[in-house]
Amino acid sequence: MAAQVQTYVRKVEDALKGYLYDGPLTPLWSLVEQKTNLKRERVALGLLGFVAIYLVLGWANDFICNFIGFIYPAYASVLAVESTPTHDDTEWLIYWIVYASFGFVEYIGYVFFHSLPFYWFGKCVLLLWLMAPGERGGSHILYHRFVRPFVLKHQSVVDKHIQDGSTKSSMSFEDRRVCRPFLLNCCPHEILSGTRVDLGECTKIHEYALRADYERAATTRNLYYEMDALDMLSKFVAECDRKTEHAKRKLQETQEELGEEAARKMNTIHELGEQIGTKLAKAEELGAQGLVDESMKLLEEVEALRKAKLEAEQEFRSTMPASTYQQQKLRVCEVCSAYLGIHDNDRRLADHFGGKLHLGFIQIREKLDDLKKRVNELNEKRELERKSRRNSPPPASSSRNDRRGDDKDKKDYRPAHRSRSRSKKASSRDRDRRGSRSR
């Protein structure tokens with residue numbers, strides 16, 4: 004046993020000789036060796052043993068451990084940067100990458116790691132192993148086995164997100180690649196995400212910073228983005244209404260035909276159920292907001308509707324055969340085209356009318372109505388501006404008329420000037436003729 008211990012001690016001494024005799028602290032170790040009359044290897048082993056015991060039993064052992072993992076690598080990294088060779092730069096860069104990765108893992112599992120016995124001693128040994136140079140060093144091994152493969156595997160995805168982020172940061176909200184319904188907070192892809200009719204990711208760009216830029220710009224000028232959003236929402240709602248009508252026709256084909264009186268009573272039950280579900284969902288929302296009085300008032304209305312629905316169900320049951328009444332009579336929700344049953348309990352109705360799908364379609368339809376009003380106002384305003392421009396005289400018309408008058412005067416003056424010059428020439432020719440005759 005003693006021989007094995009001596010063997011391990013010699014191995015540690017051999018590993019330390021490179022740092023003790025050729026390292027940056029060699030002068031300091033020489034001074035310690037002279038003062039203590041002990042070999043520097045023995046002094047180093049004694050210090051390592053003291054630090055190990057202190058890390059297990061001492062106070063502020065976390066500070067000592069992190070100090071060991073930082074101080075020498077930082078000093079060696081500065082020397083590597085200032086030196087001409089580049090291999091040591093790479094080694095210490097790999098160390099810091101692994102050191103940061105280990106720090107991230109340690110932060111995630113803080114409670115677990117710090118509950119382990121001798122944790123700081125084990126961490127200190129790990130950091131010393133990471134500092135070891137060459138291919139046998141811990142940082143080199145962990146980097147090439149774990150860190151590098153992980154980064155290369157996800158490099159394309161990370162680069163794509165970085166490129167998209169840089170593109171979006173330099174993009175304006177006026178770019179045609181930006182989703183204009185999103186700028187107006189009415190894109191169905193965003194509103195209905197995570198629901199039964201999830202439309203997937205929008206093909207255009209959604210960026211909240213661009214929405215903020217648009218909202219600031221819309222306060223100073225009309226951008227008429229409402230027209231694009233209206234066109235998109237109109238097509239979407241029209242398609243939803245088409246699906247609703249198709250679902251209604253399908254129900255009429257599959258369910259038994261009811262008489263007019265029975266159909267009227269069943270519709271009454273459905274309407275009461277919708278009111279119960281809507282008010283119950285609203286009461287739960289108000290209760291979550293702390294508005295207890297308003298919530299209790301709605302719950303009282305729900306109780307009254309429940310009694311009315313129970314009476315309507317009894318009346319409907321009395322007019323229907325037992326076998327027919329037990330069948331589930333369905334109805335299509337006019338808002339979101341979901342199926343509702345006549346026997347659905349209040350909890351299911353509340354979940355439906357307070358669910359993200361139903362509320363999302365309500366938001367889309369309300370936004371569509373608002374956009375129609377807004378677009379009509381913009382069209383009326385634009386038409387008034389056109390009429391005012393058409394009726395008002397051009398601002399530069401008076402100056403043009405003045406110039407035209409001056410030109411006319413000049414044109415009138417020039418022929419008169421020519422006529423007078425011609426008359427003078429004619430009178431001189433007449434005098435010459437009379438003089439020649441007198442001779």
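All residue numbers for the sequence shown refer to the working numbering, where the first residue is 4 and numbers rise by one.
Note that the Cβ used here is the ideal one computed from N, Cα and C, for glycine as well.
Assuming residue i and residue j form a contact by the criterion Cβ under 8 Å, report the distance between their Cβ atoms to the nearest whole angstrom.
{"i": "Leu362", "j": "Ile279", "result": "Not really, about 17 Å apart at Cβ, beyond 8 Å."}
{"i": "Val305", "j": "Ala286", "result": "7 Å"}
{"i": "Leu333", "j": "Leu387", "result": "Contact doesn't hold; Cβ gap of about 50 Å is too wide."}
{"i": "Leu19", "j": "Ala47", "result": "5 Å"}
{"i": "Glu94", "j": "Pro152", "result": "Incorrect: roughly 19 Å between the Cβ atoms, too far for contact."}
{"i": "Leu343", "j": "His355", "result": "7 Å"}
{"i": "Gly141", "j": "Leu129", "result": "7 Å"}
Hey, would you say residue i sits closer than 8 Å to residue j, going by beta carbons?
{"i": "Leu301", "j": "Leu289", "result": "yes"}
{"i": "Cys243", "j": "His209", "result": "no"}
{"i": "Gly357", "j": "Ala307", "result": "no"}
{"i": "Phe121", "j": "Val59", "result": "yes"}
{"i": "Phe176", "j": "Leu213", "result": "yes"}
{"i": "Ser340", "j": "Thr247", "result": "yes"}
{"i": "Leu233", "j": "Val378", "result": "yes"}
{"i": "Ile100", "j": "Val150", "result": "yes"}
{"i": "Leu381", "j": "Glu229", "result": "yes"}
{"i": "Lys376", "j": "Cys189", "result": "no"}
{"i": "Arg180", "j": "Lys207", "result": "yes"}
{"i": "Cys68", "j": "Lys126", "result": "yes"}
{"i": "Ile272", "j": "Lys310", "result": "no"}
{"i": "Phe105", "j": "Ala55", "result": "no"}
{"i": "Leu195", "j": "Leu82", "result": "no"}
{"i": "Tyr110", "j": "Pro76", "result": "no"}
{"i": "Tyr191", "j": "Ile74", "result": "Correcting the residue type first, residue 191 is Pro in the shown sequence and not Tyr. No."}
Looking at the C-beta of residue i, does it have a partner C-beta in chain C at a distance below 8 Å?
{"i": "Pro152", "result": "Although the question refers to chain C, the structure presented lacks it and comprises just one protein chain."}
For residue i, does the count of other Cβ atoms within 10 angstroms reach 16, so buried, or fall short, so exposed?
{"i": "Thr222", "result": "exposed"}
{"i": "Met134", "result": "buried"}
{"i": "Val84", "result": "exposed"}
{"i": "Val154", "result": "exposed"}
{"i": "Ala185", "result": "Before going further, note that residue 185 is Phe rather than Ala in the sequence given. That one is buried."}
{"i": "Gly72", "result": "buried"}
{"i": "Arg43", "result": "buried"}
{"i": "Tyr211", "result": "exposed"}
{"i": "Thr281", "result": "buried"}
{"i": "Val335", "result": "buried"}
{"i": "His249", "result": "exposed"}
{"i": "Gly315", "result": "The sequence as given places Ala at residue 315; Gly does not occur at that position. Classification for Ala315: buried."}
{"i": "Trp3", "result": "One cannot answer for residue 3 here, as it falls past the ends of the chain, which runs 4 to 442."}
{"i": "Tyr217", "result": "buried"}
{"i": "His147", "result": "exposed"}
{"i": "Leu187", "result": "buried"}
{"i": "Val108", "result": "exposed"}
{"i": "Val114", "result": "exposed"}
{"i": "His90", "result": "exposed"}
{"i": "His164", "result": "exposed"}
{"i": "Phe53", "result": "exposed"}
What did DSSP end up calling residue i once you bin it into helix, strand or coil?
{"i": "Arg334", "result": "strand"}
{"i": "Val200", "result": "coil"}
{"i": "Glu138", "result": "coil"}
{"i": "Arg423", "result": "With a pLDDT of 49 at Arg423, under the threshold of 50, the predicted position of this residue should be treated as unreliable, and no value is reported."}
{"i": "Asn40", "result": "coil"}
{"i": "Leu187", "result": "coil"}
{"i": "Ile144", "result": "helix"}
{"i": "Phe176", "result": "coil"}
{"i": "Trp99", "result": "helix"}
{"i": "Gln166", "result": "helix"}
{"i": "Cys243", "result": "helix"}
{"i": "Cys339", "result": "coil"}
{"i": "Thr89", "result": "coil"}
{"i": "Ala215", "result": "helix"}
{"i": "Ala63", "result": "coil"}
{"i": "Gln292", "result": "coil"}
{"i": "Thr281", "result": "helix"}
{"i": "Ser395", "result": "coil"}
{"i": "Thr29", "result": "helix"}
{"i": "Asn69", "result": "helix"}
{"i": "Tyr22", "result": "helix"}
{"i": "Thr222", "result": "coil"}
{"i": "Gly276", "result": "helix"}
{"i": "Leu387", "result": "helix"}
{"i": "Tyr113", "result": "helix"}
What are the partner residues of residue i, as DSSP defines its beta bridges?
{"i": "Gly125", "result": "DSSP output for Gly125 lists no bridge partner at all."}
{"i": "Gly344", "result": "Leu333"}
{"i": "Val181", "result": "Ile208"}
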